[in-house]
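J.:
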Amino acid sequence: MSPENALIEIKDLKKWFPVRTGLLHALRSGEQKYVKAVDGVSFNIRRGEIYGLAGESGCGKTTTGKVILRLIEPSDGEILFRGRDVTRLKKREMKEFRRRAQIIYQDPYESLDPRMTIFDFVAEPLIVHNIGDIEKNVADALERAELVPPEEYFYRFPHELSGGQRQRVAIARSMILNPDFVVADEPVSMLDVSIRSSILDLMIRLRDDLDISYLYITHDLATANQVCDRIGIMYLGKLVEEADIRELVDEPLHPYTKALIAAVPVPDPEAEKSRAVISGEVPNPVNVPPGCRFHPRCAYAMDICKKEIPELREVKEDHKVACYLVK
Amino acid sequence: MLLDVKDLKTYFETRSGYVKAVDNISLDMERGDVLGLAGESGCGKTTTMLAIMRLLPSNGRVLNGSIHLDGLDLLNMEEEQLRQDVRWKKLSMVFQGAMNALNPVFRVGDQLVQAIRVHENVNKEKALKRVEELFTLVGIDPKRATNYPHEFSGGMKQRAVIALSLICNPDLLIADEPVTALDVIVQAQILELIRDLRDKLGLSMIMITHDLSVIADVCNKAAIMYAGKIVEKGDIVTVFKHPEHPYSQGLLTNYPSIKGGKTKFKPIKGRPPNLIQPPPGCRFHPRCPYAMDICKKEEPEMVELEGGHFISCHLKTR
Chain P
1 MSPENALIEI
11 KDLKKWFPVR
21 TGLLHALRSG
31 EQKYVKAVDG
41 VSFNIRRGEI
51 YGLAGESGCG
61 KTTTGKVILR
71 LIEPSDGEIL
81 FRGRDVTRLK
91 KREMKEFRRR
101 AQIIYQDPYE
111 SLDPRMTIFD
121 FVAEPLIVHN
131 IGDIEKNVAD
141 ALERAELVPP
151 EEYFYRFPHE
161 LSGGQRQRVA
171 IARSMILNPD
181 FVVADEPVSM
191 LDVSIRSSIL
201 DLMIRLRDDL
211 DISYLYITHD
221 LATANQVCDR
231 IGIMYLGKLV
241 EEADIRELVD
251 EPLHPYTKAL
261 IAAVPVPDPE
271 AEKSRAVISG
281 EVPNPVNVPP
291 GCRFHPRCAY
301 AMDICKKEIP
311 ELREVKEDHK
321 VACYLVK
Chain Y
1001 MLLDVKDLKT
1011 YFETRSGYVK
1021 AVDNISLDME
1031 RGDVLGLAGE
1041 SGCGKTTTML
1051 AIMRLLPSNG
1061 RVLNGSIHLD
1071 GLDLLNMEEE
1081 QLRQDVRWKK
1091 LSMVFQGAMN
1101 ALNPVFRVGD
1111 QLVQAIRVHE
1121 NVNKEKALKR
1131 VEELFTLVGI
1141 DPKRATNYPH
1151 EFSGGMKQRA
1161 VIALSLICNP
1171 DLLIADEPVT
1181 ALDVIVQAQI
1191 LELIRDLRDK
1201 LGLSMIMITH
1211 DLSVIADVCN
1221 KAAIMYAGKI
1231 VEKGDIVTVF
1241 KHPEHPYSQG
1251 LLTNYPSIKG
1261 GKTKFKPIKG
1271 RPPNLIQPPP
1281 GCRFHPRCPY
1291 AMDICKKEEP
1301 EMVELEGGHF
1311 ISCHLKTR
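Going down the list, the sequences are from chains P and Y. For the first sequence, my numbering assigns the number 1 to the initial residue and increments by one for each residue that follows. For the second sequence, my numbering assigns the number 1001 to the initial residue and increments by one for each residue that follows.
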């Protein structure tokens, strides 16, 4: 892929959280332990693309999203936004980056300030960035999020709105500065089923109209299948597979991806039933297994898998996998 | 017939009036049936089940209807008799989030033993033996009975509360959102367990969930609820493949699936009504793309289309 195409390039990104072990452990000169939440992840997000990042809880997908926005500082690695390393930006440049990169959180019951009116909440970014014409901008943003007529929402408080409306308000706020890039962290998982599709629909339409790139973080492969262009699968802090969404769903290569896909139930009583191909649950991220992190649960594990860490490499055009099984 | 619910009406008394949470619903189940009860939050799924269990909160009122379980009239039963003869022995429930309600300071096995001894006159050894059998049945190593809840993973806790619901061999198990908080692979493990229990024990179950794919995965019958009413019910393939009610159609066509390519969403407009003053006529009419004049005035009756496929919609009854 040509780099001009990429809006964001993540190179070998790491986030290690130190584990607090206490004084006694330190005095016994115990070594510092880390939760390696994100451990050497590389991928690109193209302009106008919805890139999915999927995996089970604790795989590091949310941490990755937050580190890219520098809401959490990375431990190591590069985050290139239009070719410039975000981790080295000066304060003023950082403010500009904040204008261009936004986030939509999972839970609209938690992410809206209960004491702010919708108008104040949506207008806040304009004030921070010193942008005028507030009333028109807020009205436009609400209208774009399909909260019409916008004036009706100006002086209401979050508790007066339903979950779907709240998420629309959160989307209006994240879009008001015309960002190029939005991290959407499980934006529909807290919402009711009948509302989910309309919120996803809105996100796709904003992408089409405004040429926004998304990082869509989710544990739900069914919604990912509906919105993403490409997707990366994470397991214990590492990307194990990355491909076009159709290709990944139809021809997954990594045993973990296969297991994930087989486990997803289908809303069709005549379809094949969901299967738990692998047993057990994700191990403790403090003591990650050596070699391939998935090997203790993998039915095909070989000797090499226990010793060496497989690299994520391109095995077909636009299809990368980190597994020794795949030639 | 194992369960027969007729014209059940359950309202909640609040300061602003009665919340018409469940309004004239009828359900029936044969032995071995697994019924999926689907609908959005606040549509009355859980209230229906609490009414069947007779566990409504103090402001809940059953105003009309009857509930028979295996011939027993549950609504006219003394509380004490219900507790001794029905709850857990004939009818048990896995509550939503029950896995987080295990007592953290007692061993998991002891919590099951205690529940067994409340219901049955057996000594501790016998109860422990039963716990070990149940653990094996639900796929937990019986040695783990001496563990505390924090030593269990999420999936194991969910297995443990399913075991807890099975201690007295109930005829009917009600499971409220049994897999919603679980990760996808663990969810598949629990769904496998549920299908296994259905096949091995011939257990009848009601699954309450908003997740239509879970219902398609384990149930043989489905009922779709909207705003306190059942709008459509029937066997799973009929309801899911040939839904006739506009609400079921809207829910199902917009349900994301991992199968097939991207589909164009056609979201249902608007949102569910306030149940203190639900819309007159059909409760779905303000959101229905096909609403006619009659829908605004008259409440549609539940009619049978063919072979146990019921629907309440004026479009089909005229």
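Ideal Cβ positions, reconstructed from N, Cα and C, are used throughout, including at glycine.
With 7 Å set as the bound, which would you pick, yes or no: does the beta-carbon of P:LEU221 sit closer than that to a beta-carbon of chain Y?
T.: For P:LEU221, the answer is yes, since a Cβ of chain Y falls inside 7 Å of its Cβ.
J.: Considering Cα atoms alone, identify which of Y:PRO1170, Y:ILE1230 and Y:GLN1158 is closest to Y:VAL1176.
T.: The amino acid at residue 1176 of chain Y is misidentified as Val; the sequence shows Asp. That would be Y:GLN1158, whose Cα lies nearest to the Cα of Y:ASP1176.
J.: Y:GLY1320 bridges to which residues according to DSSP?
T.: Residue 1320 of chain Y lies beyond the range of chain Y shown here (1001 to 1318); nothing can be said about it.
J.: Out of Y:PRO1289, Y:GLY1250, Y:TYR1255 and Y:ASP1235, which one is the CA nearest neighbour of Y:MET1029?
T.: Comparing Cα positions, the closest option is Y:ASP1235.
J.: Look at the Cβ atom of Y:ILE1208, then the Cβ atom of Y:LYS1090, and state whether they are nearer than 7 Å.
T.: Not closer than 7 Å, so no.
J.: Between Y:VAL1239, Y:ASP1196, Y:SER1041 and Y:GLN1084, which lies nearest to Y:GLU1304 when the distance is taken from Cα to Cα?
T.: Ranking the options by Cα distance to Y:GLU1304, first place goes to Y:VAL1239.
J.: Just checking: is the beta-carbon of P:GLU242 within a distance shorter than 7 Å of some beta-carbon in chain Y?
T.: No, P:GLU242 does not count as interfacial toward chain Y.
J.: Rounded to a whole number of angstroms, what is the C-alpha to C-alpha distance between P:ILE103 and P:ASP180?
T.: Answer to the nearest angstrom: the Cα atoms are 11 Å apart.
J.: Hey, would you say Y:ILE1268 sits closer than 7 Å to P:ALA222, going by beta carbons?
T.: Cβ atoms of Y:ILE1268 and P:ALA222: not closer than 7 Å.
J.: Using the Cβ count rule (16 or more neighbours within 10 Å means buried), how would you classify P:GLU311?
T.: By the neighbour-count rule (16 or more Cβ atoms within 10 Å), P:GLU311 is not buried but exposed.
J.: Taking the alpha carbon of P:TYR300 as the reference point, which residue from P:ASP185, P:VAL282, P:HIS254 and P:ASN287 has its own alpha carbon closest?
T.: With distances taken between Cα atoms, P:TYR300 lies closest to P:HIS254.
J.: Is the beta carbon of P:CYS305 closer than 7 Å to that of P:ILE295?
T.: In the sequence under discussion, the amino acid at residue 295 of chain P is His, which differs from the Ile named in the question. Their beta carbons are under 7 Å apart, which means P:HIS295 touches P:CYS305 by this criterion.
J.: Which residue from P:CYS323, P:TYR105 and P:TYR216 puts its Cα closest to that of P:VAL240?
T.: Per the Cα distances, P:CYS323.
J.: Report the option in P:MET116, P:VAL138 and P:VAL122 whose CA atom is closest to the CA atom of P:PHE157.
T.: When only C-alpha atoms are compared, the closest one is P:MET116.
J.: Which residues, in order along the region 138-164 of chain P, keep a beta-carbon less than 9 Å from a beta-carbon of chain Y?
T.: Residues SER162, GLY163 and GLY164.
J.: Please determine, among P:GLU186, P:VAL277 and P:ARG173, the residue with the shortest C-alpha to C-alpha distance to P:ALA101.
T.: Comparing Cα-Cα distances from P:ALA101 to each of P:GLU186, P:VAL277 and P:ARG173, the minimum goes to P:ARG173.
J.: Whose C-beta lies closer than 6 Å to the C-beta of Y:GLN1096 among residues of the same chain, with five residues either side of it excluded?
T.: Excluding positions up to five away in sequence, the list reads ASP1176 and GLU1177.
J.: Considering only their Cβ atoms, is the gap separating P:ALA37 from P:THR218 smaller than 7 Å?
T.: No, the Cβ-Cβ distance between P:THR218 and P:ALA37 is not below 7 Å.
J.: If you draw a straight line from the C-alpha of Y:GLY1065 to the C-alpha of Y:LYS1020, how long is it?
T.: When rounded, the distance between both Cα atoms is 14 Å.
J.: If distances are taken between C-alpha atoms only, which option among P:ASN44, P:GLU317, P:MET234 and P:LYS95 comes closest to P:ARG70?
T.: Here the closest residue by C-alpha is P:LYS95.
J.: Residue range of the alpha helix (DSSP H) that P:ALA328 falls in?
T.: This structure cannot settle anything about residue 328 of chain P, because the visible part of chain P is limited to 1 through 327.
J.: Please report whether the beta-carbon of P:SER274 lies at a distance below 7 Å from any beta-carbon of chain Y.
T.: By this cut-off, P:SER274 is an interface position.
J.: Does DSSP put Y:MET1049 in a helix, in a strand, or in coil?
T.: Looking at Y:MET1049 - three-state DSSP - the assignment turns out to be helix.
J.: Rounded to the nearest angstrom, what separates P:LEU112 and P:VAL138 at their Cα positions?
T.: Each residue's alpha carbon lies about 16 Å from the other.
J.: Among P:LYS273, P:ILE45, P:THR87 and P:LYS11, which has the Cα closest to the Cα of Y:LEU1193?
T.: Nearest of P:LYS273, P:ILE45, P:THR87 and P:LYS11 to Y:LEU1193, Cα basis: P:LYS273.
J.: Please tell me whether Y:HIS1245 and Y:CYS1288 are closer than 7 Å, where the distance is taken between their beta carbons.
T.: No, the pair does not count as a contact, with Cβ atoms beyond the cut-off.
J.: Given a threshold of 16 other Cβ atoms within 10 Å of its Cβ, counted over all protein chains shown, does P:ALA276 qualify as buried or as exposed?
T.: P:ALA276 is buried by the Cβ-count criterion.
J.: Based on the DSSP output, what are the partners of P:ILE10 in its beta bridges?
T.: DSSP output for P:ILE10 lists P:PHE43 and P:ILE79 as bridge partner(s).
J.: Given a limit of 9 Å on CB to CB distance, which residues of the region 1302-1318 of chain Y reach chain P?
T.: Going along the region 1302-1318 of chain Y in chain order, one finds no residue with a Cβ nearer than 9 Å to chain P.
J.: Is it the case that the Cβ atoms of Y:ILE1116 and Y:ILE1167 are separated by a distance below 7 Å?
T.: Yes; because the gap between Cβ atoms is below 7 Å, this pair is in contact.
J.: State the DSSP-derived secondary structure class of P:HIS159, mapped to helix, strand or coil.
T.: Of the three classes helix, strand and coil, the one that applies to P:HIS159 here is helix, per DSSP.
J.: Do the region 1099-1111 of chain Y and the region 1133-1147 of chain Y meet, that is, are 3 or more Cβ pairs less than 8 Å apart?
T.: Segments in contact, yes.
J.: Residues of chain P with a CB under 9 Å from the CB of Y:ARG1144: which are they?
T.: The premise fails here: Y:ARG1144 is roughly 14 Å from chain P at the closest Cβ pair, so nothing lies under 9 Å.
J.: Put P:PHE181 into one of helix, strand or coil per three-state DSSP.
T.: Correct three-state label for P:PHE181: strand.
J.: Could you tell me the alpha carbon to alpha carbon distance between P:ILE68 and P:ILE231, rounded to whole angstroms?
T.: Straight-line Cα distance between these residues: approximately 16 Å.
J.: Can you give me the C-alpha to C-alpha distance between P:ASP120 and Y:GLU1040, rounded to a whole angstrom?
T.: Rounded to the nearest angstrom, the two C-alpha atoms are 31 Å apart.
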